[in-house]
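A.B. asks:
Residue numbers (my numbering), protein chains in the order written: chain C, 1 to 418; chain W, 1001 to 1418.
(1) Per the DSSP calculation, residue 1171 (chain W) is bridged to which residue(s)?
(2) How big is the Cα-Cα spacing for residue 1347 (chain W) and residue 1329 (chain W)?
(3) My guess is that residue 411 (chain C) and residue 158 (chain C) are in contact by the Cβ rule of under 8 Å, so how many angstroms apart are they, rounded?
(4) Using a Cβ-Cβ cut-off of less than 9 Å, give me the residues of the segment 266-277 of chain C that come near chain W, in sequence order.
(5) Run through the DSSP bridge pairs and tell me what residue 344 (chain C) is partnered with.
(6) Which residue comes first and which comes last in the beta strand (DSSP E) that contains residue 303 (chain C)?
(7) Is the Cβ-Cβ distance between residue 25 (chain C) and residue 365 (chain C) less than 8 Å?
(8) Which residues in chain C sit within 9 Å of residue 1045 (chain W), going by Cβ to Cβ distance?
(9) Is DSSP giving residue 366 (chain C) helix, strand or coil here?
(10) Hey, would you say residue 93 (chain C) sits closer than 8 Å to residue 1349 (chain W), going by beta carbons?
(11) How about residue 1057 (chain W) and residue 391 (chain C): are their beta carbons less than 8 Å apart?
(12) Could you tell me whether the segment 1121-1134 of chain W touches the segment 1165-1178 of chain W, where touching means 3 or more Cβ pairs closer than 8 Å?
(13) Report the rounded CA-to-CA distance for residue 273 (chain C) versus residue 64 (chain C), giving the unit in angstroms.
(14) Give a yes or no on whether the C-beta atoms belonging to residue 1318 (chain W) and residue 1217 (chain W) are separated by under 8 Å.
(15) Note down the Cα distance separating residue 1352 (chain W) from residue 1013 (chain W), rounded to an integer number of angstroms.
(16) Output needed in chain order: residues of the segment 1279-1298 of chain W with a Cβ under 9 Å from some Cβ in chain C.
(17) Compare the Cα-Cα distances from residue 200 (chain C) to each of C:160, C:357, C:229 and report the closest residue.
(18) Would you decide whether residue 1373 (chain W) is buried or exposed? Buried here means 16 or more other CB atoms lie within 10 Å of its CB.
(19) Once you ignore the five residues that flank residue 290 (chain C) on each side, which residues in its own chain have a CB closer than 7 Å to its CB?
(20) For a contact meaning CB atoms closer than 7 Å, what does residue 257 (chain C) contact in chain W?
(21) Going along the chain, which unbroken runs of the alpha helix (DSSP H) with 4 or more residues stay wholly within the segment 64-118 of chain C?
(22) Counting pairs of beta carbons, one from the segment 1297-1313 of chain W and one from the segment 112-120 of chain C, are three or more of them closer than 8 Å?
(23) Cβ of residue 964 (chain W) less than 8 Å from any chain C Cβ?
(24) Just the Cα atoms here: how many angstroms apart are residue 129 (chain C) and residue 206 (chain C)?
(25) Please list, in chain order, the chain C residues whose beta carbon lies closer than 8 Å to that of residue 1363 (chain W).
(26) Report yes if the C-beta distance between residue 1108 (chain W) and residue 1203 (chain W) is below 8 Å; otherwise report no.
(27) Between the Cα of residue 1342 (chain W) and those of W:1356, W:1360, W:1357, W:1316, spot the shortest distance and give me the residue it belongs to.
(28) How long is the line joining the alpha carbons of residue 1331 (chain W) and residue 1225 (chain W), rounded to whole angstroms?
(29) What residues of chain W sit near residue 91 (chain C), judged by a beta carbon separation below 7 Å?
(30) Alpha carbons only, please: which of W:1359, W:1326, W:1314 is nearest the one belonging to residue 1337 (chain W)?
(31) Out of C:375, C:307, C:360, which one is the CA nearest neighbour of residue 403 (chain C)?
(32) Between residue 143 (chain C) and chain W, is there a C-beta pair that is closer than 8 Å?
(33) If you count every other CB in all the chains shown that lies within 10 Å of the CB of residue 68 (chain C), and 16 or more means buried, which is it?
(34) Leaving out the 5 sequence neighbours to the left and right, which residues in its chain are closer than 6 Å to residue 398 (chain C) when beta-carbon positions are compared?
(35) Should residue 1058 (chain W) be flagged as near chain C, meaning a C-beta pair shorter than 8 Å?
(36) So, at 6 Å on beta carbons, what are the nonlocal neighbours of residue 150 (chain C) in its own chain, with the 5 sequence-adjacent residues on each side left out?
Here you go:
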């Protein structure tokens, strides 16, 4: 496709002069999505409501592992059993941070060193990936090694080779379903290779962030093989820390979360957690368990979300198809679920596109955020987050976004000709 | 007072044969206390309720430092200003744990070493004190040094001498008001000495757990001088991490908490906290701020608690006065607030008393829990927690408790004679 740089400059200046203020930077649910969960606010309204099915007074102290009905909810969501679940507070990110923090200070296997006592600790980071995962590694001075994503998940040839030969590699970040930001779901083969692979480090752990486990965007959603049960076939179930939450099912700020793992790990985590807290908010666990009495109730809620989110993804794809088809180096993902579309741009244009958009009033996720240390060496990936703005705002943002992409591509083409 | 060991043995056997099951082990609010906060459950019941005074949608992500109305609430409770407050989740213990964990992995002063990189890190632990404070130190392998409590707080002559000469001492645990378990409130002089004292370690920190700041048991409550404002007079405001919560004002399992400190510390904590979570539960912050619109609302609620708790404390003291007066080595505290009475017993009898009580069906806080590593060298302190059992249960527990105390004392007297 021929790009007319002068026409694009004029078009861009026209957008910039409008003084727009639009935000497509984060994977946040929209107000309309949140409005569909009003019933959560009245799920527990009197003293008598506060007693769990086992007679626990959820107002008082205790219940480090969570109440049974909340465990059952997460177990059904993840295809696991209740004893494999510890219910947390409002943030699964916090559970991930805590798990890494404990691994650093105390290790993950009885009798083995705390990770902080090793000269070097490395994590594999499939890219593009999630900036908040990378931020945890950076904070704890964990060396991050990029691993490319394929259409079936991380490139397992590379993962298997690296973990087999390098004992400094203690972990890997995974978003196995509707991966942030590619939207890819790991294939059965990928899951099985994670369960069966040999690792040089006996204390290697997979951080399996199942954030989007039921976040479908079509009636023919992806299927993810459950990893802990696969791992049991190989005796590697201690390898997996599984995380999930209701952040994008109910309220991002006031949902509930869980960590799931082998019985040995659950026992160890509870022993350590007992030093940290007397227990998480059990009344909020009750609210969730009362609203979602069965897994079908969750699926019903996600169908409501689907109807609100799908039009936004369709709109983005329509604009991209109409405006960007045929531009060399430009492509984008078509996920069946999750919160993101990944836009691939020509090398060394992503930062320029994000800057152009920002200057014209459209905030995007920073280019580079998809990579460890905020550095994408090829500068060719932008995470598109369509869920938060209302449709009409998106309708105003997308022409500008497409203009920025085309202008940056035109600039690059002209610089190559110069 | 003459103790007849044979009569006491008979009396004890009679108690033991009743098969009682009573629990005075933890500082938990009773069901009746919790029942007085039912209105918290309906403080936020519809979507429109979820918007904070500044227009923040509390259902969604964000708000790492908490919403303004919750900050204002804690600021008024603590005599501080809103920018000095970070609102947390349901557990101030978790904030304390996190603060120690971050100090271990990253230090507390820019440019200084993480505590874990020192050969030795020590904390001063006023005794008797709170077992969960000590558990955090033990978990992080922090060496604990006992400091005796006086009627004005920790023995400041000892504290000042130790922190001035020993640079391995990086912290001290304080429960400055209605101290757990002595019920002592630090005198103005003690507070000022904490603010003004010289420390060998530049990264020394005071963990000021103001758990019982408004938990009065009389109409003439203790007064605690606010420490951060005192510290500003000496330029030592970075020394103090202040913690508080509504755990014993609303619901222990579903309240809100805060950490307060100097502006430099607040800035540093928020920078680190941003790696750990996107934000704590803001809807629960809203619930609390809506129920307690002014500080007077808090005081009103505490007056309701006072009416429920004071009869229990009075009952314990009546039994102790009647049954234990005149026994050599036996005494107890008469706190103006808080959740505990400290019972002092003759040397090497506390464990025996707790064991006798347990065997007869009355669970007490383990003897030794009031000291680091669970070891009280003199074995002469028992923490009495009267709040949880209903009055009629307490009425059944106290005769047994007094019998166990007298029997252990009689056993000791007879062993000395033998």
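All residues carry an ideal CB built from backbone N, CA and C; glycine is no exception.
C.D. replies: Reading it off the structure:
(1) Within the DSSP secondary-structure output, residue 1171 (chain W) pairs in a beta bridge with W:1123, W:1205.
(2) 8 Å
(3) At roughly 33 Å, the Cβ-Cβ gap does not stay under 8 Å, so residue 411 (chain C) and residue 158 (chain C) are not in contact.
(4) Residues passing the 9 Å Cβ filter: 272, 274, 275, 276, 277.
(5) C:331, C:381
(6) Unbroken run through residue 303 (chain C) is the alpha helix (DSSP H), 295-324; no beta strand (DSSP E).
(7) Contact flag set, yes.
(8) 38, 41, 42, 45
(9) coil
(10) no
(11) In this structure, residue 1057 (chain W) keeps its C-beta atom at 8 Å or more from the C-beta atom of residue 391 (chain C).
(12) In short, these stretches touch, since the Cβ pair count reaches three.
(13) Each residue's Cα considered, the two are about 8 Å apart.
(14) no
(15) 15 Å
(16) 1279, 1280, 1281, 1282, 1283, 1284
(17) C:160
(18) exposed
(19) Take residue 290 (chain C), set aside five residues on each side of it, and the residues of its chain with a beta-carbon closer than 7 Å to its own are 43, 44, in chain order.
(20) In chain order: nothing, as chain W lies at least about 10 Å away.
(21) 68-78, 92-106
(22) Verdict: no, contact absent.
(23) Here chain W covers residues 1001 to 1418 and nothing more, so residue 964 (chain W) does not appear.
(24) 15 Å
(25) Per Cβ cutoff of 8 Å: no residues; residue 1363 (chain W) is ~14 Å from chain C at best.
(26) yes
(27) W:1316
(28) 28 Å
(29) Those within 7 Å of residue 91 (chain C) in chain W are 1277, 1278.
(30) Looking at the Cα atoms, W:1314 is the closest of the given residues.
(31) C:360
(32) Judged by the 8 Å Cβ criterion, residue 143 (chain C) is not in contact with chain W.
(33) buried
(34) 319
(35) yes
(36) So the list is empty, once near-sequence residues are dropped.
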